[in-house]
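Residue numbers (this note's numbering): 1237 to 1321.
The beta-carbon is built from N, C-alpha and C at its ideal position, and this holds for glycine as well.
Quantities reported herein were computed from a predicted structural model and do not represent experimental measurements.
Below is one structure, written out as structure tokens; the observations come after it.
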């Protein structure tokens, strides 16, 4: 599988970025792809990079949960489900 150039950080949308700047980044990814790359693989790669970029922005903005907190919440849900059967 070929990997196109461009990291998730390069796709990260800044608050001041215009739609045309964002589109330029997508176009550069498309142009940098190997000519033999199928469209579905290219779209998947762009999708994954966008999701990783969203995750990086969430971390920068402090919108994250610790592993401990997630585990605690998960057990609360599991216990609730078993108690209500």
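> What are the start and end residues of the alpha helix (DSSP H) that includes residue 1319?
Replying inline: 1303 to 1319 is the span of the alpha helix (DSSP H), which, as asked, contains residue 1319.
> Between the C-alpha atoms of residue 1239 and residue 1311, what's the straight-line distance to the nearest angstrom?
Replying inline: Annotation note: pLDDT 41 at residue 1239 (below 50); position unreliable, no value reported.
>> Distance check for residue 1274 and residue 1303, CA to CA, integer angstroms please.
In response: Using only the alpha carbons, I get a separation of about 37 Å.
>> Would residue 1269 and residue 1278 qualify as a contact pair, given that the criterion is a beta-carbon distance under 7 Å?
In response: In contact: residue 1269 and residue 1278 (Cβ atoms closer than 7 Å).
> What's the gap between the Cα of residue 1306 and the Cα of residue 1263?
Replying inline: C-alpha of residue 1306 to C-alpha of residue 1263: approximately 37 Å in a straight line.
>> So, with DSSP's three-state summary, where would you put residue 1298?
In response: In the structure shown, residue 1298 sits in coil (DSSP, three-state: anything other than H, G, I, E or B).
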